[in-house]
Structure formats: structure tokens, C-alpha cells
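**Student:** Terminal number for the sequence shown in the UniProt record's numbering: 361, no gaps in between. I have a structure I would like to understand better, so I am pasting it below and will then ask my questions one at a time.
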Amino acid sequence: MTQVYNFSSGPAMLPVEVLRRAEQELTNWHGLGTSVMEISHRSKEFIQVAEEAEKDFRDLLKIPANYKVLFCHGGARAQFAAIPGNLLGAAKSADYIDGGYWAHSAIKEAEKYCSPNTIDVKTTRDGKRAILPMREWQLSNDAAYVHFCPNETIDGIAIDEQPDFGDKVVVADYSSTILSRPIDVSRYGVIYAGAQKNIGPAGLTLVIVREDLLGKAHSYVPSILDYKVLAENDSMFNTPPTFAWYLSGLVFKWLKEKGGVADMDKQNQAKADLLYGVIDRSDFYRNDVAAENRSRMNVPFQLADAALDKVFLEESLKAGLHALKGHRVVGGMRASIYNAMPLEGVKALTDFMVDFERRHG
Ligand code: PLP
Numbered sequence: 001m002t003q004v005y006n007f008s009s010g011p012a013m014l015p016v017e018v019l020r021r022a023e024q025e026l027t028n029w030h031g032l033g034t035s036v037m038e039i040s041h042r043s044k045e046f047i048q049v050a051e052e053a054e055k056d057f058r059d060l061l062k063i064p065a066n067y068k069v070l071f072c073h074g075g076a077r078a079q080f081a082a083i084p085g086n087l088l089g090a091a092k093s094a095d096y097i098d099g100g101y102w103a104h105s106a107i108k109e110a111e112k113y114c115s116p117n118t119i120d121v122k123t124t125r126d127g128k129r130a131i132l133p134m135r136e137w138q139l140s141n142d143a144a145y146v147h148f149c150p151n152e153t154i155d156g157i158a159i160d161e162q163p164d165f166g167d168k169v170v171v172a173d174y175s176s177t178i179l180s181r182p183i184d185v186s187r188y189g190v191i192y193a194g195a196q197k198n199i200g201p202a203g204l205t206l207v208i209v210r211e212d213l214l215g216k217a218h219s220y221v222p223s224i225l226d227y228k229v230l231a232e233n234d235s236m237f238n239t240p241p242t243f244a245w246y247l248s249g250l251v252f253k254w255l256k257e258k259g260g261v262a263d264m265d266k267q268n269q270a271k272a273d274l275l276y277g278v279i280d281r282s283d284f285y286r287n288d289v290a291a292e293n294r295s296r297m298n299v300p301f302q303l304a305d306a307a308l309d310k311v312f313l314e315e316s317l318k319a320g321l322h323a324l325k326g327h328r329v330v331g332g333m334r335a336s337i338y339n340a341m342p343l344e345g346v347k348a349l350t351d352f353m354v355d356f357e358r359r360h361g
């Protein structure tokens, strides 16, 4: 069988070593004669899985002790509602940075609960799409928090600058870039991320929340989205997505063995440099994001001749390069190259691209 590399934006490729281990353990986990997904979340065996996963996640991101880690249901979109519900308090508004599709989606959801102060930070630099530097963001004084999305999965735009807004509560949707590089968690009030890109299977969302922000949920907030309720119940107020939690725990162990987030950072840079290098050296391919705001996780690119898109997708699929079709709102191609994508996968893609250009250019 041809080696397959899956460039899906999510659910995305998982480390093959993790999948093999899960496969081996599937029907007889820890000698129990049953699968981990069939045991009670309250059993001592599962509690150990849960605690180890949290510890490894904390180690990887160096999460300070005054932050809770919550393992939630509902995807990142549930957090679009949970954030205003938990953080607005008596405030009527929050600052929302609009840098792309997902940041905008969070604003649309927040409009149900408050009057978000939308700050459009999209700009152009040398004719390419870019984001204003943080010092130019016009934050308001009475906002309960400021929300932004550091990696726009669809637009392929990243905000790598780390926030430094004094005592403002900063909230970030890290869904498509968590664990891809070290970050200073103490600069944030809340970080959240759907698991299905850099963490594990869909169905799990991780929330990192500073303890002093707990206990402010509005009465309309469903208990399963109330951070205080979740924290007090060790994320087991209702039955958690146990299999996703277990598998994410294996991914955290894999990450630690690979040298942790600092090492991932280097590998992600090398992968992105390789792919953007091939795009930039050719007139056949194009990426229209300014260098400082290019995502290292999601690389959208266009063929100069869009009539070749279909052939590109057919041939790449045959070559074992899966899911390269761009999002419907952007078109063209998109290669998502999260932590689990090895450098060889990106090399296989760039070799294919160079060869495709030679044959069709
Ligand atoms: N935020 C970002 C940055 C995303 O990439 C996505 C999904 O791709 C979402 C939010 C929505 O996530 P979910 O489908 O888990 O609700």
C-alpha cells in the first residue's frame, strides 16, 4: 500500500505510534480483558488515565498551578458560548479581535449574549493579507475580556505575537495551534482548543482557565459549560469523552518522548519553511499571506491556473497525499501540517508539487 499522508485540517492525522499502541490495547486494556472505552470514568483505572493525561498536558505547556485544566465536550464552538457565559459577569461587552473565519464565528455566537466590540485587525502588507500588530489593537476600557484566535485554520493566518495587555483578561482559541510551540500561559485568562487537530480525536475540548475567573457564570449557562462546576467535578460532572481523553493522553506521552513542545516548534518551523519555500520559488503556486502572519499549521495555496485544481487533487490522492482540497470559502489547496505530520510527509508533498509543476507548468 502507498504510504498515506493525511493533510486534513481536522479531524487530523494522529501519530502512527499512538494509533498502533491504541490498536494493540483496544480489546484488552491493561489486562482488564476489556477496552478502555468500556470502563467507568469513575473507575480507579480510568481516573489514573485522566490524571496522567492532565499532568502530561500541564508539563508540556508549563501550566502554572493557579490554572485549572478542564476536559470538556462540545468542541470549540461550545466554548464560543461558554466564554461569554462564564466571563462577562456584570459587563455588557467584550473585545473581539476579528482576524479571520473562526474569530468571526466566535463573534457571531457572542452576539447572543452581549454586544461584542469587534476590532477588525485584518490588513494588507505589500499586497498580501496580514494582521495589525497587537500594539495597534484598539481595545476598549469596559470590556470583560479580549478574545482572539492565534491561528486561523481556514485563512492560514497566524498571530504569533504573545499578548501583553496589562491586567486585561485575554482569551484565546488555540484549537489549531496548541502544543505546536511554547507559550506563556500566564498571559492568558482562558485558553481553549478543540482536540481534533493537535491533541487527539474529536469530541474533546481542552480549556485552561485561571482560577480567579471561576464562579462568575451567568445563570443561563448550562451546568456542563460552567467552568466552576466542571472544575469542582474534575471534568466529570457528566460522563466525559473517555476514549478521546485516553487517546489524547497517549499523544501527550508521544510528545514528551519526542522532546516536548520546544522540539515540536523546531520541527514545525522546518516543515513550514520547506512548504512555503517551494510555493515562493515558483510562479505556478501562490500563497497570499504576508510572511509574518503565515500559519505554520495550515498552509493554503493556489495554483496559478485554477483549471488544474481538479487534476492536482486527483493526482495527489493517487500519490497518497490526502485531503489537500482548500476550504470551500477560500478554494484552491490547503495543507494542514500539525505536530503529527512528519517532515517526510511534507517532503513527499513538495516533491509531488515540484513534479506536478514540471509536468503541467
Ligand atoms: N476554532 C478554530 C480555530 C477551528 O479551527 C475550529 C474548527 O476547525 C473551530 C474553532 C470549531 O471547532 P469545533 O468543530 O470543535 O467546534
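Where a beta carbon is used, it is the ideal one built from N, C-alpha and C, also for glycine. Since this is a predicted model, take the numbers as computed values, not measurements.
By the three-class DSSP mapping on this structure, what secondary structure does Met341 have?
**Tutor:** In the sequence shown, residue 341 corresponds to position 341, counting from 1. In this structure, Met341 counts as coil in the three-state DSSP scheme.
**Student:** Taking 8 Å as the cut-off, does the region 303-315 touch the region 276-292 (at least 3 CB pairs, one atom from each stretch)?
**Tutor:** Taking 8 Å as the limit for Cβ pairs, the verdict is that the region 303-315 does touch the region 276-292.
**Student:** What's the gap between the Cα of Asp56 and the Cα of Leu206?
**Tutor:** On the sequence shown, residue 56 is found 56 positions in, with the first residue counted as 1. On the sequence shown, residue 206 is found 206 positions in, with the first residue counted as 1. Taking the straight line joining both Cα atoms gives about 13 Å.
**Student:** Along the chain, where does the alpha helix (DSSP H) that runs through Arg268 open and close?
**Tutor:** The residue you call residue 268 lines up with position 268 of the sequence shown. Reading off the sequence shown, one finds Asn at residue 268, where the question assumed Arg. Run containing Asn268: 260-280, per the alpha helix (DSSP H) assignment.
**Student:** In the DSSP assignment, what residue or residues form a beta bridge with Arg147?
**Tutor:** Walking along the sequence shown from the start, residue 147 turns up at place 147. Reading the sequence as shown, one finds His at residue 147 and not Arg. DSSP output for His147 lists Tyr96, Val171 as bridge partner(s).
**Student:** Specify, as a first and last residue, the run of the alpha helix (DSSP H) that Ser316 falls within.
**Tutor:** Taking the sequence shown and counting its residues from 1, the one referred to as residue 316 is at position 316. Counting along the chain, the alpha helix (DSSP H) containing Ser316 begins and ends at 309-318.
**Student:** Candidates Ser115, Ala144, Leu26: which alpha carbon is nearest Lys216's?
**Tutor:** Residue mapping note: residue 216 aligns to position 216 of the sequence shown, counting from 1. For the residues Ser115, Ala144, Leu26, the minimum Cα distance to Lys216 belongs to Ala144.
**Student:** Please work out which residues of its chain come closer than 7 Å, Cβ to Cβ, to His30, disregarding the five sequence neighbours upstream and downstream, and give them in chain order.
**Tutor:** By one-based count along the sequence shown, residue 30 stands at place 30. Here the set comprises Glu45.
**Student:** With hydrogens ignored, establish whether the beta-carbon of Lys266 is closer than 8 Å to any heavy atom of the ligand PLP.
**Tutor:** Sequence index remark: in the sequence shown, residue 266 carries index 266 (1-based). Because no heavy atom of the ligand PLP lies under 8 Å away, the Cβ of Lys266 does not count as near it: no.
**Student:** So for Pro84, helix, strand or coil by DSSP?
**Tutor:** Translated into positions along the sequence shown, residue 84 becomes position 84. Helix.
**Student:** What residues come near the ligand PLP, if near means a beta carbon less than 6 Å from any of its heavy atoms?
**Tutor:** Counting every residue whose Cβ lies closer than 6 Å to a heavy atom of the ligand PLP, we get Gly10, Gly75, Ala76, Arg77, Trp102, Cys149, Thr153, Asp173, Ser175, Ser176, Gly194.
**Student:** Excluding five sequence neighbours on each side, which residues of the same chain lie with their C-beta closer than 7 Å to the C-beta of His104?
**Tutor:** By 1-based counting over the sequence shown, the position of residue 104 is 104. Once the five neighbours on either side are set aside, the close Cβ partners of His104 are Asp98.
**Student:** Taking the alpha carbon of Arg58 as the reference point, which residue from Lys253, Phe312, Val330 has its own alpha carbon closest?
**Tutor:** Looking up residue 58 in the sequence shown gives position 58. Considering only alpha carbons, the answer is Lys253.
**Student:** Just list the residues that DSSP pairs Ser336 with in beta bridges.
**Tutor:** Residue 336 sits at position 336 when you count from the first residue of the sequence shown. Paired residue(s): Asn298.
**Student:** So what's Ile208 in DSSP terms, helix, strand or just coil?
**Tutor:** Translated into the one-based positions of the sequence shown, residue 208 becomes position 208. Three-state DSSP puts Ile208 in a strand.
**Student:** Does the separation of the CB atoms of Leu179 and Asn339 fall below 9 Å?
**Tutor:** Against the sequence shown, residue 179 aligns to sequence position 179. Against the sequence shown, residue 339 aligns to sequence position 339. Yes, Cβ-Cβ distance for Leu179 and Asn339 is below 9 Å.
**Student:** Counting Cβ pairs closer than 8 Å, one from the region 267-282 and one from the region 342-355, do we hit at least three?
**Tutor:** The answer is yes - the region 342-355 touches the region 267-282, with three or more Cβ pairs under 8 Å.
**Student:** Less than 8 Å between the CB atoms is what I'm expecting for Ala69 and Glu54, so what's the real figure, rounded?
**Tutor:** Indexing the sequence shown from 1 puts residue 69 at position 69. Indexing the sequence shown from 1 puts residue 54 at position 54. In the sequence as displayed, the identity of residue 69 is Val instead of Ala. About 5 Å separates the two Cβ atoms, so the contact holds.
**Student:** Figure out for me which residue from His327, Ser186, Gly89, Arg181 has the closest Cα to the Cα of Asp142.
**Tutor:** For this step, residue 142 is matched to residue 142 along the sequence shown. Here the closest residue by C-alpha is Gly89.
**Student:** What are the partner residues of Val18, as DSSP defines its beta bridges?
**Tutor:** Working through the sequence shown from its first residue, we reach residue 18 at position 18. According to DSSP, which records beta bridges pairwise, Val18 is partnered with nothing at all.
**Student:** Taking the alpha-carbon of Leu60 as reference, which of Met333, Gly260, Asp265, Val354 has the nearest alpha-carbon?
**Tutor:** Counting from one through the sequence shown, the residue named residue 60 turns up at place 60. Nearest of Met333, Gly260, Asp265, Val354 to Leu60, Cα basis: Gly260.
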